[in-house]
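Engineer: Protein chains in written order, with this note's numbering: chain H, 8 to 380; chain S, 8 to 380; chain B, 8 to 380.
Virtual Cβ for every residue (Gly too), placed ideally from N, Cα, C.
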């Protein structure tokens, strides 16, 4: 896995393969009937193929000549060669070993052996995809794909390309530890540098947590002087106090919307459209129980035409995740081994309310899917 | 493990330790009462020792001063030090730790400690060996070694040294995947380069498969223009069509004879002595379930005195196995994990008949040995 | 883990945290109610922290500003971050993730979150330590720490700093194989070089073994010419014969005192104070079942003021352990895998009496602690 930082324009939404794939109900530690990010829209090649492990399964990702994204199980059903070792043949894929050819629905279209008859079972599982908000989302469950289950992140889509950026960060940790980290922002003053310091204002707060419609939200509001440095220079009086808010909302299975802003206007509501702020999406997809794909998207409402600033900013945020959060979360994962979080009797404090609510809700959702034996 | 390419003359056949070793019946996933290749005859040192893992067991291999090959369990029975860490003492081996000395039958011949008495149990297991056809074959089973169970590959022995070559290729894969690969040659046009292309002639054939006397054979016959490039320049009209055959015969547990030839004589039978061709032996021995020793021997019936061509040819074949078959088979092994082949429901096609027959016959042989619980 | 060779003066003995820690009875393959070496006294930093795995547990080691050694479980009870990733705050430790602060008894002294209330459960386990004879000893059991269970190695403490040296050697092996190695010195002529050769005199001896008060001792006496080379130049007639003795005593769980000397005075008793000799302590602590911390301390009774010789000598001994014993013992560990020593049916010889007595006594002690299910 390589680490990439890209700025990209969100592609329009396309619903793919909404049903009809051969499915089985694997034993898995993951919630399955839901949308996971499979890739950034820009990661899918029109020529060539991308192979990525998602939920312990090798997935082959590419675009057809018309730009349609495709996801197939990266395994030939004949002798289990990863199809990513083979070649594209137009919009089809040819296996490297015996040249069986499959189209983008997973149907075998050519068998050069014997009479050329194609066995009925010669199908590769394909996965429904949705391309939205700059991401390609994948449905790996046994129930029919349900597009309404993808949350709406359309604020990402509104504005110039120089106001949005994406980054990808592979992490050697369980994905729930990444969710914990974003759902409890009380760590920011302790883990991160000056640039996003709240000057000790955030930790003492006991923020309200809201659980509704299968989401968990938590919201902090505070005043600090000067404002958070990522915003201060875009406010009228950079050195003066400003009111801030940050609101974080988790959507199953592993996507978090984070909205943050600051204002020096005493009459302004603490909301994105009346503050200097940004709209972020954190999403992660387990490759396995110990490796996670972590993506981050951010759209600003200030300096939106400054492409150089855009690039500098995403690189700084990428660096903070990789160099500051990452080592801690990866160490926690090593320390926990294969133990369950609650089984280790964590000593919980006030700032754990939101992440614990997420863990418990996710566990109930998995139980409802029958993922526990 | 290093990778070696050697040209070697076959040594004469010697029957060693035909019986009488201390034996136990290990739990093992391997057929045991049969001959596996332990090494090329040229690999065994007369001074020094070679340690090689065979069937999950460390085996110490060397030659006595009279050239007799020796195989001992590479473990001192006292405190389990690999004997290969020690030293030769004439035809004996001295343990590195406490200097217990063992002869080439595994009998302890010297104990420098206390009174010097040698405990009756101080024996190292030795394994029967047969040196034939340029290989040293080992019997690791609990039944008495049976020399008649080693197939006859004597065509390897007939001809000059410049007409035969051997190579060794360690592979990170289960040995049955290597057998599958050789028993189903329908992959050649898809996996390999121009040099052994059948111009698409081989894949469409449904070759007859024969199971007899505990072997499985499969035979293809076809015409192509030009001839397979490894033969074309040795035929009267290199650019013209030629009739070809290849016959592949598996012998338990893991040795395959492959005979291949081409002719432009319309009256010639498709057999080695009436075509331009070669006689090959593929043999593999599991080091463990995920690592396999793979050896290949080839004798030509043309240009037999050209040592330079001989060297070039074995290097090309070694390269094809290592760079073309190898990565595919190793990827399949990783993809399969520890799953049983049939349990993964492979979609079988016509070209799988021979390898599937081998897998089923081998399973029956293992069942007959009581290798399944 | 790095490998260090140091010469150090023994610090005075301090009894720490003799009781009162929160304890649990872990399932463990180790004897627990006893003292293991945790570190050399010189390894503990007064600023910063040392993290070391002991008995499968991460242990954080440091000294307070007054020099008192501290051992805490290297894991924050909140979200399981290793405390060693954090920072010292005077004599306290601050967690890297959410800045919970703990004092050297493991009590949480500061929580910057919410109201700042400290949960009653927010305690880190601390371990009793004893600093004696140049080592810091740790008690990881569930019973109250018992200082009387630490053997007396006070001869290490008497004499100048230039007469004593310490070294640390991490080994990839089970700790009992290191004990076996020191309890059976019959290997010295076979494993080691000229410098400590007994000229074949030691192996033929069947030394008396004594078990008393929970210790096992073995003693060899012999004459050789010339004397052992580490002593010969300090004797009146370096080339002439000398009488030697070596006495080795194991103390549970994994500490061995070795006293060795040589004399050319026919009337001298074979004891340290009447010979040219040295007093050594070998001690090892399992990091895990396959990795062991091994320390060695040695005090001479000759050339005690020669610091250069002292340095040269400890480097030579370190080299012998690491380059001569180490590879053998590590190979035995790999060869044994996870098998029990006796279950592999070792062929025992006369020199195994002492190590076998130790293994059996240790097993009885573990059974008495209820460490077997």
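#1: Identify the continuous beta strand (DSSP E) that holds residue 138 of chain B and give its terminal residues.
#2: Compare the Cα-Cα distances from residue 190 of chain H to each of H:290, H:120, H:109 and report the closest residue.
#3: Compare the C-beta of residue 88 of chain S against all C-beta atoms of chain B and say whether one is closer than 9 Å.
#4: Against chain B, does residue 220 of chain H count as a neighbour if the rule is that its beta carbon must be under 9 Å from one of theirs?
#5: Assign residue 67 of chain S to one of three DSSP states: helix, strand, or coil.
#6: Please look up how many angstroms separate the CB atoms of residue 216 of chain H and residue 128 of chain H, rounded, as I've assumed it's under 8 Å.
#7: Leaving aside the five residues before and after residue 339 of chain B along the sequence, list all residues of the same chain whose C-beta is less than 8 Å from its C-beta, in chain order.
#8: Tell me which residues share the same chain as residue 136 of chain B and place their Cβ nearer than 6 Å to its Cβ, disregarding the 5 neighbours each side in the sequence.
#9: What residues are listed by DSSP as bridge partners for residue 328 of chain B?
#10: Output the residue ranges of the alpha helix (DSSP H) runs that lie fully inside the stretch 264 to 315 of chain S and measure 4 residues or longer, sorted by chain position.
#11: Count the C-beta pairs between the stretch 357 to 371 of chain H and the stretch 106 to 115 of chain B that are closer than 8 Å, then say yes if the count reaches three, no if not.
#12: In chain order, what residues of the same chain lie with their CB nearer than 6 Å to the CB of residue 39 of chain B, ignoring the 5 residues before and after it?
#13: DSSP beta-bridge partners for residue 76 of chain H?
#14: Once the 5 residues before and after residue 92 of chain S are set aside, which same chain residues still bring their CB inside 7 Å of it?
#15: Which same chain residues, not among the five before or five after residue 238 of chain B, have their C-beta less than 6 Å away from its C-beta?
#16: I'd like the list of long-range same chain contacts for residue 124 of chain H, defined as Cβ closer than 8 Å, with 5 residues on each side in sequence excluded.
#17: Taking residue 247 of chain B as the query, report the chain S residues whose CB atoms sit under 8 Å from its CB, ordered along the chain.
#18: Measure the C-alpha to C-alpha separation of residue 306 of chain B and residue 359 of chain B and round it to an integer number of angstroms.
#19: Is the CB-CB distance between residue 89 of chain B and residue 58 of chain B below 9 Å?
#20: Counting only beta-carbon atoms, is residue 189 of chain H nearer than 9 Å to chain B?
#21: Scan the stretch 211 to 262 of chain H and note each continuous alpha helix (DSSP H) run of 4 residues or more that stays entirely inside, going in chain order.
#22: Excluding sequence positions up to five away, which residues of its chain have a Cβ less than 7 Å from the Cβ of residue 51 of chain H?
#23: Look up residue 186 of chain H in the DSSP assignment and say whether it is helix, strand or coil.
#24: Go ahead and pull the three-state DSSP assignment for residue 373 of chain B.
#25: Can you say whether residue 81 of chain B is buried or exposed, counting buried as having 16 or more other CB atoms within 10 angstroms of its CB?
#26: Does DSSP classify residue 103 of chain S as helix, strand or coil?
#27: Buried or exposed, going by whether 16 or more other CB atoms sit within 10 Å of the CB of residue 236 of chain B?
#28: Could you give the DSSP three-state label for residue 117 of chain B: helix, strand or coil?
#29: Run through the DSSP bridge pairs and tell me what residue 96 of chain H is partnered with.
#30: Give the residues of chain H in contact with residue 356 of chain S, contact being defined as C-beta atoms less than 7 Å apart.
#31: By a C-beta neighbour count over all protein chains shown, 10 Å radius and 16 as the cutoff for buried, is residue 256 of chain S buried or exposed?
#32: Between which two residues does the alpha helix (DSSP H) harbouring residue 339 of chain B extend?
#33: Give the residues of chain S in contact with residue 343 of chain B, contact being defined as C-beta atoms less than 8 Å apart.
#34: Does DSSP put residue 319 of chain H in a helix, a strand or coil?
#35: Considering just the uninterrupted stretch of the beta strand (DSSP E) at residue 143 of chain H, what are its terminal residues?
#36: At the level of alpha carbons, what is the spacing between residue 192 of chain S and residue 196 of chain B?
Structural biologist: Result, derived from the coordinates:
#1: 136 to 139
#2: H:290
#3: yes
#4: Closer than 9 Å: no.
#5: strand
#6: By a beta-carbon distance limit of 8 Å, residue 216 of chain H does not contact residue 128 of chain H. Their separation comes to about 49 Å.
#7: 180, 184
#8: 23, 76, 78, 143, 145
#9: DSSP, once it has assigned bridges, lists no residue as partnering residue 328 of chain B.
#10: none
#11: no
#12: Here the set comprises 147, 148.
#13: H:70
#14: 103
#15: The residues 269, 283, in chain order, have a CB closer than 6 Å to that of residue 238 of chain B in the same chain once the five nearest residues on each side in sequence are set aside.
#16: 118
#17: Ordered by position in chain S, no residue passes the 8 Å Cβ test against residue 247 of chain B, which lies about 25 Å from the chain.
#18: 27 Å
#19: A contact, by the Cβ cut-off of 9 Å.
#20: No, because no Cβ of chain B sits closer than 9 Å to the Cβ of residue 189 of chain H.
#21: 236 to 239
#22: Once the five neighbours on either side are set aside, the close Cβ partners of residue 51 of chain H are 57, 68, 69, 70, 76, 143.
#23: helix
#24: helix
#25: When all chains shown are included, residue 81 of chain B counts as buried.
#26: Note: residue 103 of chain S maps to coil in three-state DSSP.
#27: exposed
#28: strand
#29: H:99
#30: 85, 118, 120, 121, 126
#31: buried
#32: 333 to 343
#33: 87
#34: Assigned with DSSP and collapsed to three states, residue 319 of chain H falls in helix.
#35: 142 to 146
#36: 58 Å
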